[in-house]
Each structure stands twice: as C-alpha cells, then as structure tokens.
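Residue numbers (full-length UniProt numbering): 1 to 204.
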C-alpha cells in the first residue's frame with residue numbers, strides 16, 4: 001500500500017503547488033477560527049457561571065426573606081397570644097394609675113378587618129388633665145404588650161388654665177381568630193375518642 005510520501009512524489013509539480021496552497025489556506029482558516037471558537041467557549045462558560053452565581057444568590061435572598069417573614073409571623077402570633085382586656089375597664093385602670101379620671105367612656109361598633117381580625121374601639125373623654133401624667137398613660141398603653149393602639153387623639157388646652165387640657169382619646173384593641181387548623185386540632189384533642197363530635201352528629 002503506497003505511503004503518503006509516495007503519493008506526493010507521483011503528483012505533478014502543478015498539483016503539488018495547488019495542494020500546498022490548499023493546505024496553507026486550511027491552516028490559515030484554522031488559525032483564525034480556533035481563537036474565535038475558544039473565545040466563544042470561554043464567553044459561554046462565563047455566562048453559565050454567572051447564571052449559576054445569580055441563581056445561588058437568589059436562593060440565599062429567598063431564604064433570607066422567608067426567615068424574615070417567619071420571624072415577623074412569630075412576632076405577630078406572640079403579640080396576639082395575649083388577648084387585650086376589655087377596653088373601658090383597662091383604660092379606667094390605666095388612667096387611675098396616673099391620677100387621671102375619665103369623665104365619659106363610649107364603646108364603638110366592632111370593625112372587621114378581613115376574615116381573621118376584629119377591631120374594638122373605645123373612646124374616652126377626660127377634662128382638666130396635665131400633660132405629663134397623660135403622656136405617661138399613653139406610654140403605658142403603647143408598651144402594655146397587648147394588641148392595642150392609639151387610634152384617635154384630640155387635645156385642646158383649656159383657656160386661662162396652664163397645663164390643663166381637654167382630651168378625647170380613642171384606643172383600638174385587635175382580636176385575631178385562631179387558625180382553622182389549630183382550631184380543628186384543638187377540637188379533636190378535646191373530643192374523647194369513640195364519641196362523635198357535634199358537627200358529625202348534625203351531619204347525620
């Protein structure tokens with residue numbers, strides 16, 4: 001079988017020259033194409049690496065947001081775990097601790113907020129009160145740990161009387177209904193085994 005060298009020797013000078021030109025042309029193309037291909041491969045790899053980094057970063061950010069929401073939900077549940085007392089009596093007691101007296105107290109209709117929350121509002125009126133004890137009363141309400149907030153405040157100075165004010169104060173207490181799953185779990189726990197629940201009896 002003839003070797004490549006023998007085949008080249010059998011070629012005419014013109015054919016050899018054409019073959020050399022063709023080889024040089026192919027070599028030049030390879031020299032030009034190979035760097036471009038390598039650059040394209042590197043660029044593609046960089047893009048893929050950047051996409052991976054972005055994905056990892058988004059995962060970490062999502063975990064951070066989930067942890068923050070979980071913390072906020074825990075704080076919310078902890079706040080509503082301590083139900084607010086009846087506002088008229090609570091406000092009267094808080095005022096007495098600061099040497100104040102409510103001349104009038106009025107409970108407003110409940111205000112629903114969605115399906116889970118209810119706002120109870122009580123408005124009290126006080127006459128001839130000093131600013132310092134009233135400020136301490138407001139601070140005590142805000143830091144009580146109950147789900148309450150100041151929703152209305154009208155403060156009018158009494159003419160001719162220093163540090164004497166007429167106040168209309170509205171305080172809101174918020175109630176949160178328990179989760180349906182928790183209610184169902186509590187009902188199942190409280191119901192002795194072997195006895196049907198009232199709901200089951202009514203369905204029959």
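Every residue, glycine too, gets a C-beta built ideally from N, C-alpha and C.
No experiment lies behind these values; they were computed from the predicted model shown.
- Here DSSP, grouped into helix, strand and coil, assigns residue 88 to helix.
- Rounded to the nearest whole angstrom, the C-alpha separation of residue 21 and residue 46 is 38 angstroms.
- Our two residues, residue 60 and residue 112, have alpha carbons roughly 37 angstroms apart in a direct line.
- By the Cβ criterion, the region 43 to 57 is not in contact with the region 80 to 98, since fewer than three pairs of Cβ atoms, one from each stretch, lie closer than 8 angstroms.
- Counting only runs of 4 or more residues that sit fully inside the region 33 to 117, the alpha helix (DSSP H) segments are 87 to 97, in chain order.
- When 145, 154 and 157 are compared, the shortest CA-CA separation from residue 173 is found for 145.
- Taking all protein chains shown into account, residue 150 has fewer than 16 neighbouring C-beta atoms within 10 Å of its C-beta and is therefore exposed.
- Around residue 140, the same chain offers 94, 97 and 98 as residues with beta carbons nearer than 8 angstroms, after the five sequence neighbours per side are excluded.
- The three-state reading of DSSP puts residue 15 in helix, counting H, G and I together.
- In the structure shown, residue 161 adopts coil according to DSSP, grouped into three states.
- Under the three-state reduction of DSSP, residue 23 is assigned to helix.
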